[in-house]
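In the working numbering, the protein residues as written are 2 to 517. C-beta atoms are modelled at their ideal positions from N, C-alpha and C, and glycine is treated no differently. Heads up: the structure comes next, in structure tokens.
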């Protein structure tokens with residue numbers, strides 16, 4: 002009788018270029034310390050064969066690099082008596098984090114070792130008399146339970162590729178069930194990080210399969226996909242939205258595909274309904290997670306009291322840190338006030354978007370990760386993390402250094418930019434506040450001090466800070482501050498001074514005297 006505990010069998014983690022693979026691998030080792038890893042091997046066949054060659058048990062599990070495994074999986078037993086060792090592979094369902102589909106695509110698999118060793122082999126070794134195995138020979142035995150979460154949204158490329166590849170398979174299948182799944186891939190996920198890239202990939206692939214002579218077998222060619230991605234990766238946010246909308250119109254009209262243009266709230270509601278079928282302890286929704294503490298930071302802003310009054314009425318659970326000198330010290334003070342594992346931080350000059358509700362809870366693969374939402378600059382119109390809502394791991398803030406120049410990006414090596422526009426930053430309330438903001442951000446962009454930033458992007462943003470927004474209230478002061486900060490760094494100034502607001506006020510007063 003072949004009845005095994007999951008813990009008795011080899012487990013292989015297969016990763017290639019997934020941006021979240023290291024986090025997933027570290028998470029897996031906390032649950033399955035015996036796990037082994039196959040990393041960076043080009044081609045699925047070769048990666049699977051290596052698993053077979055390195056296995057020490059007759060059967061072995063494989064986990065994809067974009068997956069997080071439910072701890073409950075390691076408490077299970079599997080009955081292998083009915084399994085045909087030459088063809089049968091057990092596969093468990095996984096939950097897709099972007100659109101919440103429960104599917105076998107990307108799920109945990111249990112393979113006979115002998116099958117993997119001969120998968121797709123073009124020749125036999127002297128000591129191997131088993132027949133060559135192709136994917137067409139494999140019989141996937143679908144298991145009922147769901148024991149993993151597929152997080153293929155670690156980057157725009159990862160999300161786009163996942164949506165594109167899966168859409169190709171579903172478009173070719175054309176079964177009623179697969180057409181329904183295709184419609185979900187093409188419609189759901191707008192509120193998730195990089196979710197719109199998965200939707201774009203799915204719609205684009207569906208169009209190419211149905212209305213062009215493109216060879217769909219190219220999706221297995223890594224070099225082809227890299228080149229293909231290069232034609233799409235630089236799309237601006239608005240161009241991406243426009244392309245998604247245009248493809249949607251074409252697919253509805255030409256293919257009669259029932260896809261929808263869902264905004265973030267509609268997509269979230271769809272998932273709320275779907276989540277009712279999920280295992281509660283592992284696939285919990287944000288609504289089932291505890292609401293996270295919100296810390297409102299204010300210092301000397303002239304409208305801070307009014308802002309706090311408005312903010313606290315809208316979000317009654319918010320707490321305030323006021324008048325604490327030093328950016329680092331204010332955040333640490335907020336961490337001490339917070340009681341939840343993670344906490345949100347909102348600056349006093351932020352105006353929260355109507356669509357943002359502080360309900361987001363970090364995913365399983367986002368442990369010890371700092372999240373920053375996009376914010377729109379009220380002076381120059383830039384949309385990025387400057388002045389944005391932030392979500393911090395509480396313990397990491399409590400242990401943080403007070404010497405770094407940019408607090409937000411120095412807290413953790415794990416940093417996640419959220420694409421949702423959560424706020425507008427209205428720092429231009431007085432001449433000094435506008436000048437100070439321009440000075441500080443231009444100094445950072447000029448110095449390149451911000452961790453994980455790209456110099457080409459820094460230069461583009463710096464140029465806008467130096468030139469745009471003169472027609473806005475105190476826009477001239479903002480531009481002047483940016484130019485002063487830029488010159489200060491280029492002349493060898495001490496970047497650490499930008500966090501000393503008293504020094505900045507002295508510099509501002511000197512600038513006033515000079516300009517008069």
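Less than 8 Å between the C-beta atoms of residue 100 and residue 169, yes or no? no
So, under 8 Å CB-CB, residue 470 and residue 443 are touching, yes? Tell me the CB distance rounded to an integer number of Å. Between residue 443 and residue 470 the Cβ distance is about 13 Å, and since that is not below 8 Å, they are no contact.
What first and last residue would you give for the alpha helix (DSSP H) that runs through residue 29? 22-32
In its own chain, which residues sit with a C-beta less than 8 Å from the C-beta of residue 223, not counting the 5 before and 5 after it? 43, 44
May I have the straight-line CA-CA distance separating residue 209 from residue 381, to the nearest angstrom? 39 Å
So, do the segment 143-155 and the segment 90-105 have three or more beta carbon pairs nearer to each other than 8 Å? yes
Among the residues of its own chain, which have a CB less than 8 Å from the CB of residue 265, if the five just before and after it don't count? 191, 192, 356, 421
C-alpha gap between residue 283 and residue 164, whole angstroms: For residue 283, the predicted structure reports a pLDDT of 44, less than 50, and the residue's modelled location is therefore unreliable. The matter cannot be settled from this model.
Leaving out five residues on either side along the sequence, give the residues of the same chain with a beta carbon under 8 Å from the beta carbon of residue 411. 401, 402, 405, 452
Grouping DSSP H, G and I as helix and E and B as strand, with all else coil, what is residue 7? helix
On the CB-based measure, 16 or more other CB atoms within 10 Å of its CB, does residue 159 come out buried or exposed? buried
State the beta-bridge partners of residue 68 as determined by DSSP. 151
Residue 63 bridges to which residues according to DSSP? 13, 110
Environment of residue 212 [buried if 16+ CB atoms lie within 10 Å]: exposed
Rounded C-beta distance between residue 328 and residue 416? I'm assuming under 8 Å. So it is not a contact: roughly 17 Å between Cβ atoms.
Apply the 10 Å Cβ neighbour rule to residue 31 and answer buried if 16 or more other Cβ atoms are within range, or exposed otherwise. exposed
Same chain only: Cβ atoms within 8 Å of residue 186, ignoring 5 sequence neighbours per side: 100, 102, 164, 167, 168, 171, 199, 200, 203
Residue 114 versus residue 16: straight-line alpha-carbon distance, rounded: 19 Å
Does the beta-carbon of residue 243 have 16 or more other beta-carbons within 10 angstroms, so that it is buried, or is it exposed? exposed
As an exercise, report each continuous beta strand (DSSP E) stretch of at least 3 residues that is fully enclosed by the segment 344-400, in chain order. 351-353, 370-378, 391-394
Assuming residue 74 and residue 109 are in contact, meaning their beta carbons sit under 8 Å apart, how far apart are those beta carbons, in whole angstroms? 7 Å
Quick check: the segment 328-343 against the segment 383-397, are there 3 or more CB pairs under 8 Å? yes
Could you pull out every residue in the same chain whose Cβ sits closer than 6 Å to the Cβ of residue 279, ignoring the five residues on either side in sequence? Residue confidence for residue 279 is low, a pLDDT of 49 falling below 50, so the modelled location carries little weight; the figure read from the coordinates is stated next. The answer is none, since no qualifying residue turns up.
At least one CB of chain C closer than 8 Å to the CB of residue 211: is that the case? Annotation note: the requested chain C is absent from the structure, which comprises a single protein chain.
Secondary structure of residue 297, DSSP reduced to three states: strand
Whole runs of the alpha helix (DSSP H) within the segment 136-198, excluding any shorter than 4 residues: 157-174, 177-186
Residue 433 lies in the alpha helix (DSSP H); which residues open and close that run? 432-448
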